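Engineer:
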Amino acid sequence: MKTDQVLLRGRILSFTAEPQGPEDHAAYRYIEDGAILIAGGIIRGTGSYDQLARQAPSVPVVDHRPHLLMPGFIDTHIHFPQVQVIASWGAQLLDWLNSYTFPEETRFAEPAHAEAMADWFMTQLCAHGTTSAVAYASVHEISAEAFFSAAARRDMRMITGKVMMDRNAPEALRDTPQSGYDATKRLISHWHGKGRASYAITPRFAITSSPEQMEMAGALTAEHPECYVQTHLSENRDEIAYTLSLYPEAPDYLGVYERYGLLGPKALLGHSIHLEPREIDLLAETNAKPVFCPTSNLFLGSGLFDDAGLRGRGITNAIATDVGAGTSYSMLQTLNEAYKVLQLQGQKLHPLRAFHWITRGNAVALGLEDKIGTLEPGTEADIVVLDSAASEPMALRMQRAETLSEELFVLQMLGDDRAVAETYVAGTPQKIGARAAQQPALQPA
Ligand SMILES: [Zn+2]
Numbered sequence: 000m001k002t003d004q005v006l007l008r009g010r011i012l013s014f015t016a017e018p019q020g021p022e023d024h025a026a027y028r029y030i031e032d033g034a035i036l037i038a039g040g041i042i043r044g045t046g047s048y049d050q051l052a053r054q055a056p057s058v059p060v061v062d063h064r065p066h067l068l069m070p071g072f073i074d075t076h077i078h079f080p081q082v083q084v085i086a087s088w089g090a091q092l093l094d095w096l097n098s099y100t101f102p103e104e105t106r107f108a109e110p111a112h113a114e115a116m117a118d119w120f121m122t123q124l125c126a127h128g129t130t131s132a133v134a135y136a137s138v139h140e141i142s143a144e145a146f147f148s149a150a151a152r153r154d155m156r157m158i159t160g161k162v163m164m165d166r167n168a169p170e171a172l173r174d175t176p177q178s179g180y181d182a183t184k185r186l187i188s189h190w191h192g193k194g195r196a197s198y199a200i201t202p203r204f205a206i207t208s209s210p211e212q213m214e215m216a217g218a219l220t221a222e223h224p225e226c227y228v229q230t231h232l233s234e235n236r237d238e239i240a241y242t243l244s245l246y247p248e249a250p251d252y253l254g255v256y257e258r259y260g261l262l263g264p265k266a267l268l269g270h271s272i273h274l275e276p277r278e279i280d281l282l283a284e285t286n287a288k289p290v291f292c293p294t295s296n297l298f299l300g301s302g303l304f305d306d307a308g309l310r311g312r313g314i315t316n317a318i319a320t321d322v323g324a325g326t327s328y329s330m331l332q333t334l335n336e337a338y339k340v341l342q343l344q345g346q347k348l349h350p351l352r353a354f355h356w357i358t359r360g361n362a363v364a365l366g367l368e369d370k371i372g373t374l375e376p377g378t379e380a381d382i383v384v385l386d387s388a389a390s391e392p393m394a395l396r397m398q399r400a401e402t403l404s405e406e407l408f409v410l411q412m413l414g415d416d417r418a419v420a421e422t423y424v425a426g427t428p429q430k431i432g433a434r435a436a437q438q439p440a441l442q443p444a
């Protein structure tokens, strides 16, 4: 248990509810000269600097003024074996998987490669201000082991699962219904609930799992209601047609997951773009969570996520990068593209709702808002320090910004890893530059 105490000073922003509009000032707390008291990796107090400094006079102060302190960002859908295929040219979903992703994922059978990439992945997340993620590992059990180990070394709250896929993929990337079940069982018993780790049962999607494997995924879900379930849904028209040809008895794509008992509040459904009315009813009924991945949806030309339509049905949408089809690790850049995807549909993403979404909103979608996503006392001290004038275009724009919402919108549209001045994980600064320097320098292959 960490006992180090520290008081972080800066401008504090944390949400207590989802903002219902641009003027919903009751949904957040903003303190101009604020502070966060941290001890043992936990937030012990959030308030004005004067008050906390009086309360804890001997605690060392780290002065981050004039920067903004917010809860660390949460990414709810990302593929860690794809760090070396991000930005691969010229295909839509199924071609992209076959041409780039599957060949790359075969390399994760090698433990040393999986370990090195897991470490680089955590470095990238911290550099971009993301302190928690829900990630897909590769089919190899060792890849999930490497991921959980790398996360545990940094004490990061992370969720992952070994992908289950037993067909329509290269031989080297296929498990079997039984081996996928057994490996998942072992990983759950090694990692779920250990430190800050949680497990996600991960059938990649209906195309790469046989009905027998789906049955096993359903059995795992029933045996482990404490675990998450993650998969992909209705990203691309060809994918949907192929899925329905493989499961001709299913009423629609989501009906496949319904039939095998995968749906519930802990189910995360990446993309969820081209949905039938029955599928939307089913999402509302089961409280499963669609995950909006804007940079990926634009990159692969998949389609436009109907955020307002789903929200209007009382569905809780999460938001994510989906690296490597997503084109940035940055949740700020994810908000930038989300804004544009919604603009094309006549929908709005106000900066207050945007910053709620990538912090408390995603925490709520994961049922973790008592642990992460806010700066409430008693929660885990994952904090991002944001510099709204990190680049010259941002600094020039900020000279004309007069309100908090204007500043947040500058971060939302122009921000990326340069705007992340520091990232704290369980109270420990990740010292972005220093941390990267500890890793061997990257060489061209
Ligand atoms: Zn994905």
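Residues 0 to 444 (numbering that gives the first Met the number 0) are what the sequence shown spells out, left to right. C-beta: ideal position from N, C-alpha, C; glycine also. Remember, it's a predicted structure, so these values are computed and weren't measured experimentally.
Check each candidate in Ser87, Asp154 and Gly254 and name the one with the smallest Cα separation from Ile41.
Structural biologist: Ranking Ser87, Asp154 and Gly254 by Cα distance to Ile41 puts Asp154 first.
Engineer: Hey, Glu336 and Thr294: beta-carbon distance below 7 Å or not?
Structural biologist: Cβ atoms of Glu336 and Thr294: closer than 7 Å.
Engineer: Cα separation between Ser235 and Ile272?
Structural biologist: Reading off the sequence shown, one finds Asn at residue 235, where the question assumed Ser. Going by the C-alpha atoms only, they are around 8 Å apart.
Engineer: Thr373 to Gly260, Cα distance in whole Å?
Structural biologist: C-alpha separation (whole angstroms): 32 Å.
Engineer: Identify the residues that DSSP records as bridge partners of Glu379: which are they?
Structural biologist: Answer is Ile41.
Engineer: Please enumerate, following chain order, all residues with a beta carbon closer than 6 Å to at least one heavy atom belonging to ligand 1.
Structural biologist: Taking each Cβ in turn, the ones that pass are His76, His78, His231, Gly269 and Asp321.
Engineer: Does the separation of the CB atoms of Asp381 and Ala420 fall below 7 Å?
Structural biologist: Result no, Cβ atoms of Asp381 and Ala420 do not sit closer than 7 Å.
Engineer: Determine the DSSP secondary structure at Arg277, reduced to helix, strand or coil.
Structural biologist: Looking at Arg277 - three-state DSSP - the assignment turns out to be helix.
Engineer: Can you give me the start and stop residues for the alpha helix (DSSP H) that Lys288 sits inside?
Structural biologist: First-last for Lys288: Lys288 to Phe291, but that is the beta strand (DSSP E), not the alpha helix (DSSP H).
Engineer: Does the separation of the CB atoms of Ala134 and Ile85 fall below 7 Å?
Structural biologist: Contact: no.
Engineer: Go through its chain and collect everything with a Cβ distance to Pro21's Cβ below 6 Å, but skip five positions before and after it.
Structural biologist: The residues are His349.
Engineer: Output yes or no for whether 7 Å exceeds the beta carbon distance between Leu456 and Ile35.
Structural biologist: Summary: the structure shown does not reach residue 456, with the chain confined to residues 0 through 444, and so no result is reported for it.
Engineer: Beta strand (DSSP E) containing Glu421: first to last residue?
Structural biologist: First-last of the beta strand (DSSP E) with Glu421: Val419 to Val424.
Engineer: Specify the secondary structure class of Glu179 as computed by DSSP and reduced to three states.
Structural biologist: The sequence shown places Gly at residue 179, not Glu. In the structure shown, Gly179 sits in a helix (DSSP, three-state: H, G or I).
Engineer: Report the residue from Gly44, Ala389, Gly269 and Tyr246 whose alpha carbon sits nearest the alpha carbon of Lys288.
Structural biologist: Considering only alpha carbons, the answer is Gly269.
Engineer: Out of curiosity, what's the CA-to-CA distance linking Val290 and Ala132?
Structural biologist: C-alpha separation (whole angstroms): 13 Å.
Engineer: Going by alpha carbons, who is nearest to Glu140 out of Glu114, Thr129, Arg156 and Arg352?
Structural biologist: The residue with the shortest Cα to Cα distance from Glu140 is Glu114.
Engineer: What residue range is occupied by the uninterrupted alpha helix (DSSP H) comprising Phe120?
Structural biologist: Unbroken alpha helix (DSSP H) run through Phe120: Pro110 to Ala126.
Engineer: Going by CA-CA distance only, name the one from Leu299, Leu309, Met412 and Pro110 that's closest to Glu278.
Structural biologist: That would be Leu309, whose Cα lies nearest to the Cα of Glu278.
Engineer: Taking 8 Å as the cut-off, does the segment 409–418 touch the segment 388–400 (at least 3 CB pairs, one atom from each stretch)?
Structural biologist: Output reads yes: the segment 409–418 touches the segment 388–400.
Engineer: Can you say whether Met0 is buried or exposed, counting buried as having 16 or more other CB atoms within 10 angstroms of its CB?
Structural biologist: Unreliable positioning characterises Met0 in this predicted model, as indicated by a pLDDT of 43, which lies under 50. The coordinate reading is nonetheless provided below. Per the 10 Å Cβ criterion, exposed.
Engineer: Could you tell me how far apart the beta carbons of Gln346 and Asp306 are, in whole angstroms, since I believe they sit closer than 8 Å?
Structural biologist: Between Asp306 and Gln346 the Cβ distance is about 6 Å, and since that is below 8 Å, they are a contact.
Engineer: Taking the Cβ atom as the reference point for each residue, do Val383 and Thr422 lie within a distance shorter than 7 Å?
Structural biologist: Yes.
Engineer: Is DSSP giving Met155 helix, strand or coil here?
Structural biologist: Here Met155 sits in coil by DSSP.
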